[in-house]
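A.B. asks: Have a look at this one before I ask anything.
Residue numbers (my numbering): 1 to 247.
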């Protein structure tokens, strides 16, 4: 599906403690399978693929510690950690230790924040762990101090318009703040979140950005450049993607 949409640089996220344990799989053996599939896809479709290990807030701090320890052991092939799920019941304060260990080990850090929580949650996340990227983060639009903090720290937002609408993070798709954030100078990217579950893809998200939210094709291209620049893959792989996508 990604190849059909002309994707040249792809980050695949997976939750080892949920997906692997849920099927009684050995984590290292399952990773070997992922790496074989990754290699085949890169060769067949001419794209660079990275792996990001998800740790779910709902599974608790112990699961986060376990996932981070495993990812650090495999940091030659795992590019980053994503602290996911709602922060309403599980704030960043519960996970600071393992997230900072992952960061110190050289893994890329992206944190779900500001999706179903106010701008103050994003501020707390930035102050606590200083992530390179924030998943969603759209509610910073409610507080210019949060917007300025994101900009000043060079943080990239992984924005998912259709997902945000379906989860009631925005009241209507027309009210989504993607373009407003872009116009304010935030490094926003356009993403599809869980495409199979949400019945969407990148092309649909681009359509929404252009036809519904009024972004120009040049602005969408800039968002794609932000995405490549913020990727956790190597600079060499990112440079190739930039040239192939002409961004």
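Glycine included, C-beta positions come from ideal geometry on N, C-alpha and C.
1. Between which two residues does the beta strand (DSSP E) carrying residue 159 extend?
2. Fully enclosed by the region 50 to 87, which beta strand (DSSP E) runs are 3 residues long or longer?
3. What is the residue span of the alpha helix (DSSP H) that residue 125 lies within?
4. Mind checking residue 155: buried by the 16 CB within 10 Å criterion, or exposed?
5. Just checking my contact of residue 136 with residue 160 at CB under 8 angstroms: how many whole Å lie between their CB atoms?
6. Can you check whether the CB of residue 42 is closer than 8 angstroms to the CB of residue 49?
7. May I ask you to verify whether the region 13 to 31 touches the region 65 to 75, counting CB pairs closer than 8 angstroms and requiring at least 3?
8. In chain order, what residues of the same chain have a beta carbon less than 8 angstroms from the beta carbon of residue 108, not counting five sequence neighbours either side?
9. Between the region 3 to 14 and the region 235 to 243, do at least 3 Cβ pairs fall closer than 8 angstroms?
10. Can you look up residue 258 in the DSSP assignment and give me helix, strand or coil?
11. What residues are listed by DSSP as bridge partners for residue 135?
12. Helix, strand or coil: which one does DSSP assign to residue 48?
13. Taking all protein chains shown into account, decide if residue 88 is buried (16 or more other Cβ within 10 angstroms of its Cβ) or exposed.
14. So, at 6 angstroms on beta carbons, what are the nonlocal neighbours of residue 165 in its own chain, with the 5 sequence-adjacent residues on each side left out?
15. Quick test of your reading: residue 325 and residue 84, contact by CB under 8 angstroms. State the CB separation rounded to the nearest angstrom.
16. Select from 27, 45, 75, 36 the residue whose C-alpha is nearest the C-alpha of residue 234.
17. Tell me the DSSP bridge mates of residue 190?
18. For residue 193, which residues of its own chain have a beta-carbon under 6 angstroms away from its beta-carbon, when the five flanking residues on both sides are left out?
19. Pull up the CB-CB distance for residue 92 and residue 111, whole angstroms please, since I reckon it's below 8 angstroms.
C.D. replies: Let's see:
1. 156 to 159
2. 80 to 84
3. 119 to 129
4. buried
5. 7 angstroms
6. yes
7. A contact exists between the region 13 to 31 and the region 65 to 75.
8. 52, 79, 80, 81, 132, 133, 232
9. yes
10. Here the chain has residues from 1 to 247 only, and residue 258 is not among them.
11. 112, 158
12. strand
13. Sixteen is the threshold: since fewer than 16 other Cβ atoms of the shown chains lie within 10 Å of the Cβ of residue 88, the residue is exposed.
14. 173
15. Limits of the chain in this structure are 1 at one end and 247 at the other, which puts residue 325 out of reach.
16. Of 27, 45, 75, 36, the residue nearest in Cα terms is 75.
17. 159
18. 160, 163
19. 7 angstroms
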